[in-house]
Amino acid sequence: MKKQNKISLIIDHAYLAFSGYRRSIAYLFIFGIISGLLEGIGVNAIIPLFSLITNNGNMGDDVISRNIVTFFSFFRLPLTVYYMLGLIIILFLLKAVFLFWSNYIKIKITAEYEETKRLLLLERTLHSTWAYLIRQKIGYLENVIMHDIQRSGLLLQQITSFVMVITGLFVYLLVAINISFIMTFITMVVGAIFFTCIRPVIIKTRDISRKTVNLNKKIAHLINEQIVGLKTLKTMAVEKNVYNIASLHFADLKSYKISRFLLNSVVTIMMQPFSLLFISGLFIFTLKTSYFSFSAMIALVYLIQRIFVYIQQLQTTWQGINETFPHLEYVNNYLMESKKNQEKKMGNDTFSFKKDIVFNNVSFSYAYSDKKILNSLNFTLRCGEMLGIVGPSGAGKTTFVDVLLRLHEPQEGTIFIDGLPLSGISLHSWRKNIGYVSQDYFLINDSFLNNIKYYDESISREDAIEAAKMANIYDFIESSANGFDTLIGDRGLMLSNGQRQRIVIARILARKPKLLVFDEATSSLDKESEKKIQQVIENIRGKITIIIIAHRLSTIHHCNTLLVLNDGGVVESGSPDILLSDTSSYFYKVSNLGL
Numbered sequence: 001m002k003k004q005n006k007i008s009l010i011i012d013h014a015y016l017a018f019s020g021y022r023r024s025i026a027y028l029f030i031f032g033i034i035s036g037l038l039e040g041i042g043v044n045a046i047i048p049l050f051s052l053i054t055n056n057g058n059m060g061d062d063v064i065s066r067n068i069v070t071f072f073s074f075f076r077l078p079l080t081v082y083y084m085l086g087l088i089i090i091l092f093l094l095k096a097v098f099l100f101w102s103n104y105i106k107i108k109i110t111a112e113y114e115e116t117k118r119l120l121l122l123e124r125t126l127h128s129t130w131a132y133l134i135r136q137k138i139g140y141l142e143n144v145i146m147h148d149i150q151r152s153g154l155l156l157q158q159i160t161s162f163v164m165v166i167t168g169l170f171v172y173l174l175v176a177i178n179i180s181f182i183m184t185f186i187t188m189v190v191g192a193i194f195f196t197c198i199r200p201v202i203i204k205t206r207d208i209s210r211k212t213v214n215l216n217k218k219i220a221h222l223i224n225e226q227i228v229g230l231k232t233l234k235t236m237a238v239e240k241n242v243y244n245i246a247s248l249h250f251a252d253l254k255s256y257k258i259s260r261f262l263l264n265s266v267v268t269i270m271m272q273p274f275s276l277l278f279i280s281g282l283f284i285f286t287l288k289t290s291y292f293s294f295s296a297m298i299a300l301v302y303l304i305q306r307i308f309v310y311i312q313q314l315q316t317t318w319q320g321i322n323e324t325f326p327h328l329e330y331v332n333n334y335l336m337e338s339k340k341n342q343e344k345k346m347g348n349d350t351f352s353f354k355k356d357i358v359f360n361n362v363s364f365s366y367a368y369s370d371k372k373i374l375n376s377l378n379f380t381l382r383c384g385e386m387l388g389i390v391g392p393s394g395a396g397k398t399t400f401v402d403v404l405l406r407l408h409e410p411q412e413g414t415i416f417i418d419g420l421p422l423s424g425i426s427l428h429s430w431r432k433n434i435g436y437v438s439q440d441y442f443l444i445n446d447s448f449l450n451n452i453k454y455y456d457e458s459i460s461r462e463d464a465i466e467a468a469k470m471a472n473i474y475d476f477i478e479s480s481a482n483g484f485d486t487l488i489g490d491r492g493l494m495l496s497n498g499q500r501q502r503i504v505i506a507r508i509l510a511r512k513p514k515l516l517v518f519d520e521a522t523s524s525l526d527k528e529s530e531k532k533i534q535q536v537i538e539n540i541r542g543k544i545t546i547i548i549i550a551h552r553l554s555t556i557h558h559c560n561t562l563l564v565l566n567d568g569g570v571v572e573s574g575s576p577d578i579l580l581s582d583t584s585s586y587f588y589k590v591s592n593l594g595l
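Numbering of the sequence shown is given in UniProt numbering, commencing with residue 1 and proceeding in unit increments.
As C-alpha cells, this is what we get:
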C-alpha cells in the first residue's frame with residue numbers, strides 16, 4: 001500500500017506539472033515503439049544473415065525471420081548476404097533518426113517547462129499578498145527558481161526517458177518472445193526479482209534527496225541572509241561562528257551526495273555481473289540442449305543482453321525519478337501556496353485625488369494575533385496638506401502605512417478617497433500614484449539613472465534629472481565619474497545614508513506621485529542629511545500631499561496637522577503648535593526629551 005501511495009503521489013505531481021506536454025510525451029511513446037521495432041527487427045535479421053553466411057538453408061522458423069524472407073521475395077530482391085546487411089544497416093540508421101528526434105523533443109519540452117515554470121513562479125510571487133511574502137525566507141525563491149525548477153525539469157527528462165525505456169523494453173520482449181517464449185519469460189521473472197531486491201535502495205535514495213532539497217534551502221537562506229548583514233557580521237566578529245554553522249551544513253550536503261552516489265553505483269555494479277552470469281548460463285544451456293539453432297541463439301543472447309540493459313536503464317531512470325521528485329514536489333507546493341495567497345485585484349475605477357482621504361473606523365489585525373493593531377482609526381487628510389504621525393513603538397504607525405498602500409486590507413471600516421471607497425480604485429492605479437520612502441534604502445547594482453528610473457521606461461533622462469534636482473542630489477551625481485551613468489555598486493553601499501535616501505526620493509519624485517509617504521525616512525540620518533531631506537520636503541510642500549511618520553520634532557514641526565497614535569487609534573490631533581501648548585500631550589512630552 002505504501003508503494004502505491006508513493007507512486008500515486010509521483011503520478012499526481014507529475015500530471016499537475018507536465019500535463020501540458022501530453023502530446024509530446026505521446027510522440028515519444030510512438031517513437032520509442034518504432035525505434036525498438038526497427039532495432040528488434042534488425043537484430044532478428046541476424047538469424048537469416050547467419051544462415052546465408054553458413055549456407056545451412058535454415059532461414060529461421062520465427063515470425064519475423066519468415067516475414068523478412070517474404071519481404072525480399074515480394075520486392076524481388078536477391079536474398080544475399082550483402083542485401084541482408086544493407087537491410088540491417090538501413091533499419092539501424094532509421095532507428096538513429098527516430099532516436100535523434102526523440103532526444104530533440106525531450107530537451108525541447110524540458111527547456112520549455114523550465115522557462116514556463118520560472119516565469120509562472122516569479123509572477124505568482126510578485127503578485128502574492130504582503131502578508132504571505134513577509135513569511136518567506138530570504139534565498140528560498142532564488143533556490144526554487146534556479147535549482148528546484150532545473151531539477152524538476154530533469155524529472156521531466158527522466159519521465160520521458162522512462163517512457164522510451166518502457167516502450168523499447170516492450171518491443172524487445174516481443175522480438176525475444178518471437179524467438180523463444182520460455183527464455184524470455186525466465187528473463188522477465190529474473191528482472192522482476194532484481195527490481196524487487198533493489199526497491200529499498202530506491203526508497204532510501206528518495207529520502208536522501210528530500211533531505212538534500214531542504215538542506216539546499218537552508219544553505220541558500222543562510223548565505224543570502226549573511227550577505228545582507230555582512231557589516232553587522234564583521235563588526236560583531238562572528239565570522240567564525242557563521243563559518244562553523246555553514247561548515248556543518250556543507251558536511252551534511254557532502255554526506256548526502258556521497259550516499260546518493262553509492263546507492264546509485266551499487267545497483268549499476270550489481271547489474272553487470274548479474275546479467276553476465278544469467279546470459280552465460282543461458283548460453284551454456286543452449287549449447288548443451290541444442291534448444292534452437294546457433295544463429296537464433298546468438299540473436300536471442302543479444303536481445304536478452306539488451307533487455308537487461310533496458311532493465312538497468314529502467315532502474316536508473318526510476319531511481320532518477322525518485323531522486324528528483326522532491327524538487328518537483330516543492331515547486332508544485334510553492335506554486336499552489338502562492339496561488340492561494342494572490343493579491344485580489346479589487347477595483348476598476350481610475351485614481352482621482354482632489355479633495356480628501358478619510359479613514360472611517362478602520363481596524364486591522366494580523367492573522368497570527370487577535371490584537372487589533374489599528375483600532376477604529378478615524379482621521380481626514382485633505383489634498384495638498386502635510387500630515388505628521390507620531391506615537392510610541394507598536395502604536396500601529398507602520399501598519400497604518402501598509403493599509404494605506406493597500407498591502408493589507410482593513411477587516412473593519414472603510415477608507416474613502418474623494419467620497420468613494422478606496423477598494424473601488426484599481427490597485428495598480430492607486431500604487432502608481434503613491435510614493436513611499438522608508439528608512440530602508442533599496443538600490444540596485446546599476447547606474448544613478450537606472451536607479452531613478454527603476455524599470456519604468458516611461459521616465460526619460462530629463463525626468464530623472466529634474467527629479468534629482470528636486471531631491472537635492474543632482475550636484476552630487478553630476479560630480480561623479482560618469483554623471484548619471486555612474487555605477488553605484490551593490491545596494492549603493494559606496495554612498496552615504498543621506499545620498500542613498502535622496503536617490504530613493506528622486507526615484508519617487510520622477511513618478512510624479514499625488515501622495516507621498518515618508519516612513520521614518522530620516523531616522524538613521526545625521527543632522528546635515530536630515531536637513532537636506534527637510535529642504536526636499538519644503539520644496540514639494542503644497543504640490544504633493546505628504547504624510548510623514550517620524551520621531552524627530554524637527555522633521556514634523558512644519559506639518560499642517562499631527563496625529564498621535566497609540567494602541568491603533570488616534571489619541572491626539574491638531575497642529576504642532578497647539579499640541580506643544582498642551583503640557584499633558586504626548587507630543588509635548590516627546591519634544592521636551594530633545595528628540
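Even glycine gets a Cβ: it sits at the ideal position worked out from N, Cα and C.
Option in the options with minimal Cα separation from residue i
{"i": "SER575", "options": "ASP567, HIS557 and LEU565", "result": "HIS557"}
{"i": "ILE145", "options": "VAL190, ILE88 and ARG118", "result": "ARG118"}
{"i": "ILE434", "options": "LYS217, LEU154 and VAL517", "result": "VAL517"}
{"i": "HIS249", "options": "VAL267, GLN226, LEU222 and GLU239", "result": "LEU222"}
{"i": "LEU52", "options": "LEU449, TYR83 and LEU314", "result": "TYR83"}
{"i": "THR471", "options": "SER460, GLN534, LYS95 and SER429", "result": "Reading off the sequence, residue 471 comes out as Ala, not Thr. Measuring from the Cα of ALA471, the nearest candidate turns out to be GLN534."}
{"i": "PHE448", "options": "ARG507, VAL401 and HIS408", "result": "ARG507"}
{"i": "ARG431", "options": "SER480, MET346, SER363 and ASN378", "result": "MET346"}
{"i": "ASN333", "options": "SER247, ARG124 and VAL267", "result": "ARG124"}
{"i": "SER180", "options": "ASN560, ILE203, ILE304 and ALA26", "result": "ILE304"}
{"i": "PHE379", "options": "GLU239, GLU142, ILE208 and VAL564", "result": "VAL564"}
Beta-bridge partners of residue i, as assigned by DSSP
{"i": "THR555", "result": "THR555 is not bridged to any residue."}
{"i": "PRO326", "result": "Beta-bridge pairing links PRO326 to no other residue."}
{"i": "THR360", "result": "The amino acid occupying residue 360 in the given sequence is Asn; Thr does not appear at that position. THR414, per the DSSP bridge assignment."}
{"i": "MET386", "result": "ILE546"}
{"i": "VAL437", "result": "PHE518"}
{"i": "PHE261", "result": "The partner list for PHE261 (beta bridge, DSSP) is empty, contrary to what the question assumes."}
{"i": "ASP577", "result": "According to DSSP, which records beta bridges pairwise, ASP577 is partnered with nothing at all."}
Check whether residue i and residue j have beta carbons under 8 Å apart
{"i": "LEU173", "j": "ILE279", "result": "no"}
{"i": "GLY489", "j": "ILE503", "result": "no"}
{"i": "ARG511", "j": "ASP456", "result": "yes"}
{"i": "ASP349", "j": "ILE452", "result": "no"}
{"i": "GLN411", "j": "GLU520", "result": "no"}
{"i": "ARG335", "j": "ASP356", "result": "Arg is not the amino acid found at residue 335; the sequence shown has Leu there. Their beta carbons are not under 8 Å apart, which means LEU335 does not touch ASP356 by this criterion."}
{"i": "THR187", "j": "ILE33", "result": "no"}
{"i": "GLN315", "j": "ILE198", "result": "yes"}
{"i": "LYS371", "j": "SER365", "result": "yes"}
{"i": "SER24", "j": "ILE109", "result": "yes"}
{"i": "LYS106", "j": "SER35", "result": "no"}
{"i": "SER429", "j": "PHE353", "result": "no"}
{"i": "ILE177", "j": "THR184", "result": "yes"}
Secondary structure of residue i, DSSP reduced to three states
{"i": "MET1", "result": "In this predicted model, MET1 has a pLDDT of only 38, less than 50, meaning its place in the structure is not dependable; the value taken from the coordinates is given anyway. Coil."}
{"i": "ARG502", "result": "helix"}
{"i": "GLU412", "result": "strand"}
{"i": "PRO513", "result": "coil"}
{"i": "LEU595", "result": "For LEU595, the pLDDT reaches just 49, beneath the cut-off of 50, and the residue's location in the model is therefore unreliable, leaving the point undetermined."}
{"i": "residue 612", "result": "The requested residue 612 is not part of the displayed model; the chain covers only 1 to 595."}
{"i": "TYR454", "result": "coil"}
{"i": "PHE75", "result": "coil"}
{"i": "THR129", "result": "coil"}
{"i": "ASP148", "result": "helix"}
{"i": "ALA17", "result": "helix"}
{"i": "THR380", "result": "strand"}
{"i": "ASN375", "result": "strand"}
{"i": "LEU420", "result": "strand"}
{"i": "VAL590", "result": "helix"}
{"i": "GLN342", "result": "strand"}
{"i": "SER65", "result": "helix"}
{"i": "ASP370", "result": "coil"}
Span of the alpha helix (DSSP H) around residue i
{"i": "GLY32", "result": "22-44"}
{"i": "ILE470", "result": "Residue identity check: residue 470 is Met in the sequence provided, not Ile. 461-470 is the extent of the alpha helix (DSSP H) around MET470."}
{"i": "ASP490", "result": "Run containing ASP490: none; DSSP gives neither H nor E here."}
Where the beta strand (DSSP E) through residue i begins and ends
{"i": "THR561", "result": "561-566"}
Residue-level contact to chain C via CB, residue i, 8 Å cutoff
{"i": "SER24", "result": "Among the chains of the structure shown, chain C does not appear; only one protein chain is present."}
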